[in-house]
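J.: Would you mind keeping the following structure in view while I ask a few things?
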Amino acid sequence: MRAIVETPSGRLAGTEAEGVRRFLGIPFAKPPVGPRRFAAPEPADPWPGEREACAPGPSAPQPTMVLPLPGMDVGRTDEDCLYLNVFAPAGGAARKPVLVWIHGGGFVIGSGSQVIYEGSRLARRGDVVVVTVNYRLGALGFLHLAELCPELPGAVSNAGLRDQVAALAWVRRHVEAFGGDPENVTIFGESAGGMSVATLLAMPSARGLFQRAAPQSGACHHFHAPEMATRVAEAFLASLGIERRDAARALRELPAQKLVEAQTQTTLKLGTTLGLLPMQPVVDGDSLPQPALAAVRAGSAAGVPLLTGTTRDEWKLFTLLDPSLARLDPVSLLARLGRDVPEVDADRVYATYRDARARRGASTAPLDLYAAIHTARTFWVPALRLAEAQAAHEPRTFVYRVDHESPMANGALGACHGIEIGFVFGTYGVAGGEQFVGKGPEVEALAERMMDAWLAFARDGDPGWAPYAPPRRATMVFGRACALEDDPDADERRVWDGRL
């Protein structure tokens, strides 16, 4: 059925089905092409007449996904990519809570239109408005050119984050037309989307555009200092084969696909020293004046309720990228930890994890220990540091952990990175998703439990369990049995004290 809405920018024609109106492919900023490549986003122009909003807009230019999961196809890509989608219940009360989703993908892949983020079920179940957004990725969104190309007109750092702020500004101006409340906006996202949400807590330009935040499997530890970001930009120019004196012209004129290919080469060159995310936010002194965690500790997000957490086995998904990890033994594991995790004593962290996992009956195989340690270093401990920082300024700070295990790869993935997304959206069964999360009444019950928690948080800032604060550190564990635990895996947590 056809659905029409009048917005401040013009009339939109979308669709309605099963009690939800869908408006797809709505421009929230001018196309970031030509002279606007690398520039800050500008508000989209109003459109005359009626604009069709029945199909999503293009996703940002990006490389092929290395670990394709069900529901993650991004569809058509184009540099003209700054579009969003709105899922709104038909009828009902006005001024509904609004949830704005920021997708993940390591700041280089992904889209707000991936089918696993389809917001209809969440909108219908909670009587909320769901918005999913695109933003510029990779070099087009996160290349720091201030030192190398000061002559590039209009170029800014953190263009991708600025796109997210522009989308939130659009939501504030337009969401009332869809029945949403611009004063009750929750931002949520996973992985790089979670890191984006956490970073938005520290960005002055985002202040007042949202009232709650829920970063999933991503917090404040992933950013570059300007010096490191410049090093990435230098490697990027080298991958393109262009001299610094020619960079300003070439960066504006080269096809977007060439830039994507160069950023992939840059990742291969720098991956061993910079991890998996050479393209990421930079503390540029402008859009991001200081590291996000330092800003949150100083009270930048005071008064903003926070819901954050991780999956139990985040890193098991990424072990698929390195087949050599399957051959780890205790000796080679210690050597690998000494190289990969220099901030802690390898012998101590190995012994702590081995003994703690043995006490609770978890696997102590070298590969599983490696995955557990990297899960903590990259996801779990950063989430706890964010929660600790925010709890000092806002008592409505909540932490969760997802223990539901994937049946894929004969169970080898465990409760891996991304497994919670289909539960939060209620889309776990789309596009073959049941292969990833399983199926049956138990899975459906978990999806309903998690949707209801996120919806409750969006309504009034309380997902339904005790807040997180030392020394109790109450954590909701979502799994076969959902239960509140105090300071789970405390021994493993303490090994990182003073180091992360």
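Residue 332 in the working numbering is what sits at position 332 of the sequence shown, and the numbering runs on without skipping anything.
We treat Cβ as the ideally placed atom computed from N, Cα and C, and that holds for glycine.
1) Let me confirm a value: Glu190 is counted as buried when at least 16 other C-beta atoms fall within 10 Å, else exposed. Which label applies?
2) Give every residue of the same chain whose Cβ lies closer than 6 Å to the Cβ of Leu274, excluding the five residues on either side of it in the sequence, and list them in chain order.
3) Which residue or residues does DSSP assign as beta-bridge partners of Met476?
4) Report the option in Val131, Ser120, Pro8 whose CA atom is closest to the CA atom of Gly25.
5) Rounded to the nearest angstrom, what separates Arg401 and Thr311 at their Cα positions?
6) Using only the alpha-carbon positions, how far apart do Ala93 and Val128 sit?
7) State the start and end residues of the unbroken beta strand (DSSP E) segment that holds Asp181.
8) Just mark Asp460 as buried or exposed, buried being the case when its beta carbon has 16 or more other beta carbons within 10 Å.
9) Given Asp73, which residues of its chain have a CB within under 8 Å of its CB, disregarding the five upstream and five downstream residues?
10) Could you check what DSSP says for Phe223 in three-state terms: helix, strand or coil?
11) Residue range of the alpha helix (DSSP H) that Thr375 falls in?
12) Counting only C-beta atoms, is Ala213 closer than 9 Å to chain C at any point?
13) Taking the alpha carbon of Ala412 as the reference point, which residue from Leu237, Trp315, Gln164 has its own alpha carbon closest?
14) Can you look up Leu274 in the DSSP assignment and give me helix, strand or coil?
15) For Thr311, write down the residues that DSSP places opposite it in a beta bridge.
16) Can you give me the Cβ contacts of Asp403 inside the same chain, cut-off strictly under 6 Å, excluding the 5 residues immediately before and after it?
17) From Arg396 to Leu386, what does the alpha carbon distance come to, in whole angstroms?
18) So for Tyr468, helix, strand or coil by DSSP?
19) So, is Ala198 buried or exposed, given that buried needs 16 or more other C-beta atoms within 10 angstroms?
20) Roughly how many whole angstroms lie between the Cα atoms of Val344 and Val495?
21) Which residues in the same chain have their Cβ closer than 7 Å to the Cβ of Pro488, if we skip the five residues on either side of it in sequence?
22) Cα-Cα, which of Gly105, Ser120, Glu42, Phe107 is closest to Tyr83?
23) Starting from Ile102 and walking both ways along the alpha helix (DSSP H), at which residues does that stretch end?
24) Among the residues of its own chain, which have a CB less than 6 Å from the CB of Val433, if the five just before and after it don't count?
25) Taking DSSP as the reference, what is the three-state secondary structure of Ala409?
26) Determine, using beta carbons only, whether Arg136 and Pro32 come nearer to each other than 9 Å.
T.: On the basis of the data shown:
1) By one-based count along the sequence shown, residue 190 stands at place 190. By the 10 Å Cβ count, Glu190 comes out buried.
2) In the sequence shown, residue 274 corresponds to position 274, counting from 1. Note that Leu274 has pLDDT 48, beneath the 50 cutoff, so the model's placement of it is unreliable and the number below is only indicative. Cβ contact annotation for Leu274 (same chain, cutoff 6 Å, sequence separation greater than five): none.
3) Locating residue 476 in the sequence shown gives position 476, counting from the first residue. Met476 pairs with Tyr400, Leu484.
4) Here the question's residue 25 lines up with position 25 in the sequence shown. Taking only the C-alpha atoms, the option nearest Gly25 is Val131.
5) Locating residue 401 in the sequence shown gives position 401, where the first residue counts as 1. Locating residue 311 in the sequence shown gives position 311, where the first residue counts as 1. Answer to the nearest angstrom: the Cα atoms are 5 Å apart.
6) Sequence index remark: in the sequence shown, residue 93 carries index 93 (1-based). Sequence index remark: in the sequence shown, residue 128 carries index 128 (1-based). About 10 Å.
7) In the sequence shown, residue 181 corresponds to position 181, counting from 1. Boundaries of the beta strand (DSSP E) harbouring Asp181: 180–190, taken from the DSSP string.
8) Locating residue 460 in the sequence shown gives position 460, where the first residue counts as 1. Exposed is the call here.
9) Counting from one through the sequence shown, the residue named residue 73 turns up at place 73. Here the set comprises Gln114, Val115, Ala431.
10) Walking along the sequence shown from the start, residue 223 turns up at place 223. Note: Phe223 maps to coil in three-state DSSP.
11) Mapped onto the sequence shown, residue 375 falls at position 375. Note, Thr375: alpha helix (DSSP H), 366–375.
12) Looking for chain C here will not work: only one protein chain is present.
13) In the sequence shown, counting from the first residue as 1, residue 412 sits at position 412. Nearest to Ala412 by alpha-carbon distance, out of Leu237, Trp315, Gln164, is Trp315.
14) Here residue 274 refers to the residue found at position 274 of the sequence shown. Confidence at Leu274 is low in this model, with a pLDDT of 48, below 50, so its placement is unreliable and no value can be given for it.
15) Residue 311 sits at position 311 when you count from the first residue of the sequence shown. Beta bridge pairing from DSSP links Thr311 with Val402.
16) Sequence index remark: in the sequence shown, residue 403 carries index 403 (1-based). Cβ contact annotation for Asp403 (same chain, cutoff 6 Å, sequence separation greater than five): Arg312, Ala415, Val477, Gly479, in chain order.
17) Here residue 396 refers to the residue found at position 396 of the sequence shown. Here residue 386 refers to the residue found at position 386 of the sequence shown. When rounded, the distance between both Cα atoms is 13 Å.
18) Looking up residue 468 in the sequence shown gives position 468. Three-state result, Tyr468: coil.
19) On the sequence shown, position 198 is the one that residue 198 refers to. The residue is buried, with at least 16 neighbouring Cβ atoms inside 10 Å.
20) The sequence position of residue 344 within the sequence shown is 344, counting from 1. The sequence position of residue 495 within the sequence shown is 495, counting from 1. Roughly 8 Å separates the two Cα atoms.
21) Here residue 488 refers to the residue found at position 488 when the sequence shown is read from its first residue. Counting only Cβ-Cβ distances below 7 Å, and skipping sequence neighbours, we find Arg401, Thr475, Val477.
22) Position 83 of the sequence shown holds residue 83. That would be Glu42, whose Cα lies nearest to the Cα of Tyr83.
23) Residue numbering aside, residue 102 sits at position 102 when the sequence shown is read from its first letter. Going by DSSP, Ile102 is part of no alpha helix (DSSP H) but of the beta strand (DSSP E) stretching over 96–102.
24) As a first step, residue 433 is located in the sequence shown; it is residue number 433 there, counting from the start. A small correction: the amino acid at residue 433 is Gly; Val does not occupy that position in the sequence shown. Within the same chain, Pro70, Gly71, Gly422 come within 6 Å of Gly433 by CB-CB distance, once the 5 residues on both sides are set aside.
25) Residue numbering aside, residue 409 sits at position 409 when the sequence shown is read from its first letter. Secondary structure at Ala409: helix, using DSSP grouped into helix, strand and coil.
26) On the sequence shown, residue 136 is found 136 positions in, with the first residue counted as 1. On the sequence shown, residue 32 is found 32 positions in, with the first residue counted as 1. Yes, these two residues count as a Cβ contact at 9 Å.
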